[in-house]
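Engineer:
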Amino acid sequence: MELVRQRWMRGAAKSEPEFLALFSPNQAVPKDHPLRVIKPIVDEILGNLSPLFDDMYAAEGRPSIPPERLLKAQLLIALYSVRSRNLFAEQLNYNLLFRWFLDMDLTEPGFDDSTFSKNQERLLRHAVANLFFHEVVEHARLQKYVSDDHFTVDGTLIEAWASLKSFKSKTQQDGPKDPHDPGNPTVDFHGEKRSNQTHQSSTDPEARLSKKSRGKEAKLCFGAHVLMENRHGLCVDFRVESATEVTETKASLQMLAEQKEVFAVEPHSVGADKGYHNKEFVQGCRAAGIIPHVAQQKNRKVAGLDGRTTATPEYATSQKVRKRVEEIFGWMKTVGGFRKSRVLGIHRTQMEGYWVAAAYNLVRLGRLVAGPPRRVRPT
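Below you can see the structure in the form of structure tokens.
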């Protein structure tokens, strides 16, 4: 009797669980879940892109997976740090939250990871990732969350999907492969001088050997550049360029110019770190009518940036706010899994970057829409 009582107190598993139940994925998602704020925004933006999806897919043939579902899957991969599309396809079979976000019921079969690769060329051809990212920014602008006056620029490096073993001389012929380990042969680079002028990656020819600062090891990378608005720290533009052929200064001036030419935005000031304290960037901003709030390097004087700019309260505020751009890079590299590209080439990496940057903006928008957390009175 005492043994039966102990088992009742600790709880016992059902030997015959229920085999039939009326249940929907919507019931499994808490009412205050952050995705409940993000999902209506994503659905509205995808609705605006519906005419483009009609042009992308033929009216005949076998029905395909809805493009809206594939694009929302890309966002989930970034939002939940899913390390691969193959793993996402596996989790979709049992993750009720993912099924709810993708508007799938419990009986609907999932899709294979090869579906992403089959649709990648179609998405590239129609620049869907670019359009979706800028639709998210435009949605935030209509909600008055985006500043059209004050911005910040910064750059970082994204590792390419290529190893240093693939960085070979452009004139060197491939030697005989190791029969004992053909997939991962032993390579000795000791004493060999390697540079982007004489060597190239056989895996990803667009990757370049580069490093962010002195004392760091050089890796095969792409350059990533962000334009952030200063009101709420949203990413309004994101570029992936060659790590050596397009400098941070050049990419930033291009992004600022596009704000004027394409989006009819007139930037008033732009903040930046010491890497932008050079003649090209400062005078490029002055020529465009933008005040450069650039951190100064010691013992360097650049025409167009002096005490008339650096002594103002606006400069001090811009220098304080510009540090938030590191939050964008930090989120994209850690949560978004964009520290290293999962695809080859600049254009495909750019597409992946747009999805991760859009996911970051959606997280920020979800918090802004939900408002500050409620304060609980101490008891």
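Sequence positions in the sequence shown follow my numbering and run 1109 to 1487.
Yeah, the Cβ is synthetic: ideal placement off N, Cα and C, and Gly gets one too.
Looking only at C-alpha atoms, which of K1431, R1432, Y1462 and V1433 sits nearest to F1446?
Structural biologist: Walking along the sequence shown from the start, residue 1446 turns up at place 338. The candidate whose alpha carbon is nearest that of F1446 is Y1462.
Engineer: Going by C-alpha to C-alpha distance, which of L1470, F1297, V1370 and T1355 sits closest to E1388?
Structural biologist: As a first step, residue 1388 must be located in the sequence shown, where it is residue number 280. Of L1470, F1297, V1370 and T1355, the residue nearest in Cα terms is T1355.
Engineer: Beta carbon of I1454, beta carbon of M1336: below 8 Å?
Structural biologist: Within the sequence shown, residue 1454 is the residue found at index 346, counting from 1. Within the sequence shown, residue 1336 is the residue found at index 228, counting from 1. Not a contact, by the Cβ cut-off of 8 Å.
Engineer: Tell me the rounded alpha-carbon separation between E1349 and G1263.
Structural biologist: The residue labelled residue 1349 in the question sits at position 241 within the sequence shown. The residue labelled residue 1263 in the question sits at position 155 within the sequence shown. Cα-Cα distance, rounded: 10 Å.
Engineer: Within the same chain, show all residues whose beta-carbon is closer than 7 Å to that of C1343, passing over the 5 residues directly before and after it, in chain order.
Structural biologist: Position 235 of the sequence shown, counting from 1, holds the residue named residue 1343. Result list for C1343: V1334, M1336, I1436, A1465, Y1468 and N1469, in chain order.
Engineer: Just to confirm my understanding: we take G1397, look at its own chain, exclude 5 residues before and 5 after, and list those with CB closer than 8 Å. What are they?
Structural biologist: Here residue 1397 refers to the residue found at position 289 of the sequence shown. Here the set comprises E1374.
Engineer: Just to confirm, is the Cβ distance from R1249 to L1210 under 8 Å?
Structural biologist: Within the sequence shown, the letter at position 141 stands for residue 1249. Within the sequence shown, the letter at position 102 stands for residue 1210. Result no, Cβ atoms of R1249 and L1210 do not sit closer than 8 Å.
Engineer: Is it right to say V1190 is buried, meaning 16 or more other beta carbons lie within 10 angstroms of its own, or is it exposed?
Structural biologist: Residue mapping note: residue 1190 aligns to position 82 of the sequence shown, counting from 1. Looking at its Cβ environment, which holds 16 or more other Cβ atoms inside 10 Å, V1190 is buried.
Engineer: Is the CB-CB distance between M1164 and P1175 below 8 Å?
Structural biologist: On the sequence shown, residue 1164 is found 56 positions in, with the first residue counted as 1. On the sequence shown, residue 1175 is found 67 positions in, with the first residue counted as 1. Against a cut-off of 8 Å, the Cβ pair of P1175 and M1164 comes out as a contact.
Engineer: Would you say A1351 and G1331 are within 8 Å of each other, going by their C-beta atoms?
Structural biologist: Here residue 1351 corresponds to residue number 243 of the sequence shown, with the count starting at 1. Here residue 1331 corresponds to residue number 223 of the sequence shown, with the count starting at 1. Yes, the pair counts as a contact, with Cβ atoms nearer than the cut-off.
Engineer: Give me, in chain order, the residues of the same chain whose beta-carbon lies closer than 7 Å to that of M1440; leave out the 5 immediate sequence neighbours on both sides.
Structural biologist: Within the sequence shown, numbered from 1, the residue matching residue 1440 stands at position 332. Counting only Cβ-Cβ distances below 7 Å, and skipping sequence neighbours, we find F1446, V1464, A1465 and Y1468.
Engineer: Please state the DSSP three-state secondary structure of A1332.
Structural biologist: Looking up residue 1332 in the sequence shown gives position 224. A1332: strand per DSSP, three-state reduction.
Engineer: Quick one: residues in its chain with C-beta nearer than 7 Å to the C-beta of I1153, no 5 flanking neighbours on either side, listed in chain order?
Structural biologist: Mapped onto the sequence shown, residue 1153 falls at position 45. Cβ neighbours of I1153 beyond the five flanking positions: F1240, E1243, V1244 and H1247.
Engineer: Determine the direct distance from the alpha carbon of V1145 to that of L1364, and round the result to whole angstroms.
Structural biologist: Here the question's residue 1364 lines up with position 256 in the sequence shown. Here the question's residue 1145 lines up with position 37 in the sequence shown. Answer to the nearest angstrom: the Cα atoms are 30 Å apart.
Engineer: Taking all protein chains shown into account, decide if L1214 is buried (16 or more other Cβ within 10 angstroms of its Cβ) or exposed.
Structural biologist: Taking the sequence shown and counting its residues from 1, one reaches residue 1214 at position 106. L1214 is exposed by the Cβ-count criterion.
Engineer: Assuming R1316 is part of the alpha helix (DSSP H), what are its boundary residues?
Structural biologist: For the purposes of this step, residue 1316 is identified with residue 208 of the sequence shown, where counting begins at 1. No alpha helix (DSSP H) holds R1316; the beta strand (DSSP E) holding it covers R1316 to S1318.
Engineer: Is the Cβ-Cβ distance between R1207 and L1200 less than 8 Å?
Structural biologist: For the purposes of this step, residue 1207 is taken as the residue at position 99 of the sequence shown. For the purposes of this step, residue 1200 is taken as the residue at position 92 of the sequence shown. Cβ atoms of R1207 and L1200: closer than 8 Å.
Engineer: May I ask which residues mark the beginning and end of the alpha helix (DSSP H) holding R1230?
Structural biologist: For this step, residue 1230 is matched to residue 122 along the sequence shown. Unbroken alpha helix (DSSP H) run through R1230: S1222 to R1233.
Engineer: When DSSP labels each residue in this structure, what does S1158 get in the three-state scheme?
Structural biologist: Walking along the sequence shown from the start, residue 1158 turns up at place 50. The answer is helix: DSSP assigns S1158 an H, G or I state.
Engineer: Taking buried to mean at least 16 other C-beta atoms within 10 Å of its own C-beta, is H1401 buried or exposed?
Structural biologist: Taking the sequence shown and counting its residues from 1, the one referred to as residue 1401 is at position 293. It counts as buried.
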